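S.K.:
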Amino acid sequence: MKKFLCSTLLIIVSLSLAFGQVQISGSIKDTKGNPLPGVNIFIKDSYDGTSSDGNGFYTFKTSEKGEIILCASYVGFEPFEQKLDIAGDRIIRDIVLKESISSLDVVVISAGSFEASDEKKAVILKPLDIVTTAGGDADIFSVLNTLPGTSTVGEDEGLYVRGGAKHETTYIIDEMVVKNPYFSNVPDIPSRGRFSPFEFKGTVFSTGGYSAQYGQALSSAIILKSQDLSPQTMSSIGILPLAIGGSHVQAWDNTSMSASINYAHLGAYFAIVPQNREWNIIPQTLSGSMSFRQKTSETGILKFYSSLSKSKLGLQIEDLDNPGTFASFGLQNTDIYMNASYKEGLGDDWSLFAGSSYSKGDDDIDYQGAAIQNDNNLLQVKSTITRFVGDYSAIRAGAEWHTNQTDNSYDNLSTTNSWRYAAGFLETDIFISYKMAARLGGRYEYADHLNKGNIAPRISFSYKTGESSQVSLAYGHFYQTPQAEQNEYLYPFYQQLPNLDYENATHYIANYQYLGEKRTFRIEGYYKDYNKLVKYTTHDSLLVINNTGDGYARGFDIFWRDKKTFKNVDYWISYSFLDTKRKYRDYPTEAQPTFAATHNLSLVFKRYFAKLKTSFSATYTYASGRPYFNPNNPEFLADRTQDYHELAASASYLTTILGNFAVVFASVNNILGRDHVFSYRYSTDGTVAKPVRSAAPRTYIIGLFISFNHNKQD
Amino acid sequence: MNKRITILTLVVCLLSYSLNAQQTDKFRTNMLPNIDRMDTTWSMSGFQELGNTFERIANAEPEQWLPAYYASYCVSSQIYFVENVNQVDDLLDKADELLERAETLMPDEPEIWILQARINQSRISVDPQTRGAQYGPVAGQLLAKALEASPDNPRAHYLKGSNLYFTPAMWGGGADKALPILETAVEKFKSFAYEDELWPRWGAGGADWMLGLCKDTIEKEKNSNNE
Chain A
0 MKKFLCSTLL IIVSLSLAFG QVQISGSIKD TKGNPLPGVN IFIKDSYDGT SSDGNGFYTF
60 KTSEKGEIIL CASYVGFEPF EQKLDIAGDR IIRDIVLKES ISSLDVVVIS AGSFEASDEK
120 KAVILKPLDI VTTAGGDADI FSVLNTLPGT STVGEDEGLY VRGGAKHETT YIIDEMVVKN
180 PYFSNVPDIP SRGRFSPFEF KGTVFSTGGY SAQYGQALSS AIILKSQDLS PQTMSSIGIL
240 PLAIGGSHVQ AWDNTSMSAS INYAHLGAYF AIVPQNREWN IIPQTLSGSM SFRQKTSETG
300 ILKFYSSLSK SKLGLQIEDL DNPGTFASFG LQNTDIYMNA SYKEGLGDDW SLFAGSSYSK
360 GDDDIDYQGA AIQNDNNLLQ VKSTITRFVG DYSAIRAGAE WHTNQTDNSY DNLSTTNSWR
420 YAAGFLETDI FISYKMAARL GGRYEYADHL NKGNIAPRIS FSYKTGESSQ VSLAYGHFYQ
480 TPQAEQNEYL YPFYQQLPNL DYENATHYIA NYQYLGEKRT FRIEGYYKDY NKLVKYTTHD
540 SLLVINNTGD GYARGFDIFW RDKKTFKNVD YWISYSFLDT KRKYRDYPTE AQPTFAATHN
600 LSLVFKRYFA KLKTSFSATY TYASGRPYFN PNNPEFLADR TQDYHELAAS ASYLTTILGN
660 FAVVFASVNN ILGRDHVFSY RYSTDGTVAK PVRSAAPRTY IIGLFISFNH NKQD
Chain B
0 MNKRITILTL VVCLLSYSLN AQQTDKFRTN MLPNIDRMDT TWSMSGFQEL GNTFERIANA
60 EPEQWLPAYY ASYCVSSQIY FVENVNQVDD LLDKADELLE RAETLMPDEP EIWILQARIN
120 QSRISVDPQT RGAQYGPVAG QLLAKALEAS PDNPRAHYLK GSNLYFTPAM WGGGADKALP
180 ILETAVEKFK SFAYEDELWP RWGAGGADWM LGLCKDTIEK EKNSNNE
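Order-wise, the sequence lines are chains A and B. Numbering that gives the first Met the number 0 applies: residue 0 is where the first sequence begins, and numbers increase by one. Numbering that gives the first Met the number 0 applies: residue 0 is where the second sequence begins, and numbers increase by one.
#1: So, for A/Ile-188: in the same chain, excluding its five sequence neighbours on each side, which residues have a beta-carbon less than 6 Å away from its beta-carbon?
#2: Grouping DSSP H, G and I as helix and E and B as strand, with all else coil, what is B/Ala-184?
#3: Identify the residues that DSSP records as bridge partners of A/His-448: which are they?
#4: Can you list, in chain order, the residues of its chain whose CB lies under 6 Å from that of A/Ser-141, leaving out five sequence neighbours each side?
#5: Alpha carbons only, please: which of A/Ala-396, A/His-598, A/Leu-514 is nearest the one belonging to A/Val-105?
#6: Bridge partners for A/Cys-70 per DSSP, in chain order?
#7: Could you name the residues of the same chain whose beta carbon sits closer than 6 Å to that of A/Pro-78, not counting the 5 residues immediately before and after it, in chain order?
#8: Which residues, taken in chain order from the stretch 53-73 of chain A, show a beta carbon closer than 8 Å to some beta carbon of chain B?
#9: Using a Cβ-Cβ distance under 7 Å, would B/Asn-51 count as near chain A?
#10: Measuring CB to CB, does A/Gly-208 end up less than 7 Å from A/Gly-111?
#11: Does the beta carbon of A/Pro-34 come closer than 7 Å to any beta carbon on chain B?
#12: Do the stretch 148-161 of chain B and the stretch 112-130 of chain B make contact, defined as three or more Cβ pairs closer than 8 Å?
#13: Which whole-angstrom value describes the C-beta separation of A/Ala-595 and A/Arg-560, a residue pair presumed to lie in contact below a C-beta threshold of 8 Å?
#14: In terms of alpha-carbon separation, which member of A/Ile-371, A/Thr-405, A/Leu-532, A/Ala-258 lies closest to A/Glu-589?
#15: Using 7 Å as the threshold, is the C-beta distance between A/Ala-216 and A/Glu-426 below it?
#16: In chain order, what residues of the same chain lie with their CB nearer than 8 Å to the CB of A/Phe-555, ignoring the 5 residues before and after it?
#17: Are the beta-carbon atoms of A/Pro-717 and A/Leu-496 separated by less than 7 Å?
#18: On the three-pair Cβ rule with 8 Å, is the stretch 628-639 of chain A touching the stretch 648-664 of chain A?
#19: 7 Å is my cut-off, CB to CB: does A/Pro-230 come that close to chain B?
#20: In chain A, which residues lie less than 7 Å from B/Glu-102 when you measure between Cβ atoms?
#21: Quickly, what does DSSP pair A/Phe-608 with across the bridge? List them, please.
#22: Applying a beta-carbon distance threshold of less than 7 Å, which residues of chain A neighbour B/Ile-56?
#23: Could you have a look at A/His-675 and say whether DSSP puts it in helix, strand or coil?
#24: At the level of alpha carbons, what is the spacing between A/Arg-161 and B/Ala-70?
#25: Just to confirm, is the Cβ distance from A/Leu-378 to A/Thr-402 under 7 Å?
#26: Helix, strand or coil for B/Asp-207, going by three-state DSSP, please let me know.
#27: Taking 6 Å as the cut-off, is the CB of A/Trp-400 close to at least one heavy atom of the ligand ZN?
#28: For A/Ser-306, which residues does DSSP report across the bridge?
#29: Count the other CB atoms within 10 Å of the CB of B/Arg-36; is the residue buried (16 or more) or exposed (fewer)?
#30: So, at 7 Å on beta carbons, what are the nonlocal neighbours of A/Ile-238 in its own chain, with the 5 sequence-adjacent residues on each side left out?
#31: So is A/Val-185 buried or exposed if we call it buried at 16+ other beta carbons inside 10 Å?
#32: Just to make sure I have the definition right: I need the residues of chain B whose C-beta is within less than 9 Å of the C-beta of A/Phe-41. Which are they?
#33: Whose CA, out of B/Ile-118, B/Lys-221, B/Pro-199, lies closest to the CA of B/Val-87?
#34: Does A/Gln-22 pass the burial test, meaning 16 or more other C-beta atoms within 10 Å, or should it be called exposed?
#35: Per DSSP, what kind of secondary structure is A/Pro-456 in: helix, strand or coil?
Now the structure itself:
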């Protein structure tokens, strides 16, 4: 019995000895040797562990035995694991944790582009910045004029980027081309963009060196991304003296649909605010749009957008050859745009995109007695496949196909031009380390009316020089099929000439940028070499069109934004210096084109007054005088207009009307009351000159927007 | 011989019973004091320690939802003490991860929706102008869902009231709108029937403080209007 009791006791004692504890301690530091407090250090899948103290030391007891895994985890650092053999009664283990790279630390491929979006990574502008900028009239494209790289051309809509004409910019929505992004053009009067800034979640404004995914633009690309699924059902109305509109969005769990309608008629507005033009048909536009969003999976979304608009206007233009007599310019326009896109993630590593767009614009013009019809149609399909490599690198390949058709008639002459364009591209984003990235791409294009192809290499490289700063370089070739410029009503009749080639531009760009939490600085220098620009010459009374034109554009842009120095104040300054000359179209010699200003400066200032619930913005724009054609001057385009100074201000007052969120918006342009002269028109003999002024000496807008939220919780 | 076998069996049974009891006891004895400590913690190091402890318990007890839930709560509370606003998103990402673990183990639980709402509301602080419209409605819908399933839950009322207090008046918020909801919250904290002493009971102190702040603000506004 004694023996039995002894052996039982022995068993119990040895069992309890097995439950003895071992102490594990050590220091925990980062790779730079700094101690880390509050780190979670533990044995995998066990209760045993502790947090490191304020000096970066840890110690804890464990009753585990044998081989275990010692772990350490800390937000912002890579998790740590190490095999450990529990033996003896004390173990010292010092741990070093490696910082993990967040997307905010990674270098951004940025040469030549400004991004405005809501993404987590550092961006320069937010979408709300676009809406609240004075002088922009909430028109995305107008507001981009306050960014560096653009020339202010007051008599015309469009973006004139780094010495490029306005057709040298391409507009992209959800990867698909928009052929007619602006309302129809009237001579010497800028028109608005067709889209509301609220429709977009992100904008990339590329002033040069844009990706191989896009083509057909010698100078720049505006890349817009539309909003995804709407999170809630709501309606809104907008009332201005010159327009009224309403929209409704219906949201379900994975689907949202929206419809909007707008009617603009400037009659009442013109009666109150003096204008510089003689209108005989008051401008009026009726437009509507519809969109559909469907979330197809965790990673997929299907989007569809379509819009239709009809507008008409008529004004009197003085015939300078017979001063005192007027010729009427009448325009009726119908515009249709449809855009469908589908994006889906295939597994963790792949993403597929497919899209299609249709643009149709019909202009019915009656000018100086001639009946002019310009109809353009573009059907596009595009598909891209992306392979993600690692956390940030990617390879993209894609192809697109366009079918273009234009029907033009000028009195009794009529012609139809139709042509097809195909392009394929391959591009890779290589993140060599989180500090260094390169984008290498190539694009091949073929247009069957030119019967020629081209290969365009595009390379850019970015390197992080500091925690918040980086330098970038970019080089690329850009091609564009020749097309009609503004008011070149006879160009389509010459378009079929067989010996035409692509116009091209080679870009060289270098930039340095600093992106702090509240301050941004950016300086970028560029050189663009233009070749094979379309040139008209007359040989023995015959008009010859060929690609013997060329030119260059060089300069630098500076951008500074500061949200910190002055309380509640956000301001940015952008300055561009441009030196450009070209010999193209009907230019007899190389000259600075009429749309290029040597100096451009924008100062945008915003302040929110919390007590008044009002957001106030002011924009000052300066541009040096631009060249204009004076037939009396033997030197071509040697005359310059006076310098341009413009001060605009706007205010938005946030309030509620019957419990619904409302904004009262007011803006004034040309506060200084300057007589802006953008150019001069001459009679054929050069004796009569008429200044081209802005459409109105001063513009006032006041508007009310109300948003009705249908999710009334209380 | 039979006696020896009986005694041995008894000893083995006793030992194994105490081992088992130790295991379930271990969960409770580790959770309870830490849950109590949460009520009086208000510092970065405090929430880091508690968050780490709950995370360890969650790893050791993969079938339990409560440790992952509390770890998420502690990590998301650290955002009030960060030096750099860029750290907020990283911490909330970790809080999201931990809460997802809890949700897989305990789907359709209003306490989880309430904590999700809290995390969404916290995301707004990084950039209120742009993020308010994005995360505000998501948080609102989560709280509405929780209140429908559990209308007496004090934390849902507390977060709803606190959210309203900080929402500008023009958007339908303000101290006067928040007052009745915060008063309800404080009441519910006193009367709410808890499933178990381990279940979430945070927020009573916060609700009291919020109610005080709300009443003070209304006083001040009344006085400034009377001037």
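Glycine included, each C-beta is placed from N, C-alpha and C at the ideal position. Please read all numbers here as calculations on a predicted model, not as lab measurements.
M.R.: In this structure, then:
#1: Ala-694
#2: helix
#3: Its beta-bridge partners do not exist; DSSP assigns none.
#4: Gly-135
#5: A/Leu-514
#6: Under DSSP, A/Cys-70 takes part in a beta bridge, and its partners are A/Phe-41, A/Glu-80.
#7: Ser-72
#8: Gly-53, Ser-72
#9: yes
#10: yes
#11: Not closer than 7 Å to any Cβ of chain B, the Cβ of A/Pro-34 fails to qualify, so no.
#12: yes
#13: With 8 Å as the limit, A/Ala-595 and A/Arg-560 do not qualify as a contact, their Cβ atoms being about 25 Å apart.
#14: A/Leu-532
#15: no
#16: Ile-522, Glu-523, Gly-524, Tyr-525, Ser-575, Phe-576
#17: Because chain A is modelled from 0 through 713, residue 717 of chain A falls outside the range shown and cannot be assessed.
#18: They do not touch, by the three-pair rule.
#19: Between A/Pro-230 and chain B, the shortest Cβ-Cβ separation is below 7 Å.
#20: What B/Glu-102 touches in chain A: nothing, since even the nearest Cβ is about 16 Å away.
#21: A/Thr-613
#22: Taking a Cβ-Cβ cut-off of 7 Å, the neighbours of B/Ile-56 in chain A comprise Tyr-46, given in sequence order.
#23: It is coil, neither helix nor strand.
#24: 54 Å
#25: yes
#26: helix
#27: In the structure on display, the ligand ZN does not appear, and there are no ligands present to speak of.
#28: In the DSSP output, where bridge partners are listed per residue, A/Ser-306 has A/Ser-288, A/Tyr-336.
#29: exposed
#30: Gly-702, Leu-703
#31: buried
#32: Asn-51, Glu-54, Arg-55, Asn-58, Ala-59
#33: Per the Cα distances, B/Ile-118.
#34: exposed
#35: Strand, per DSSP.
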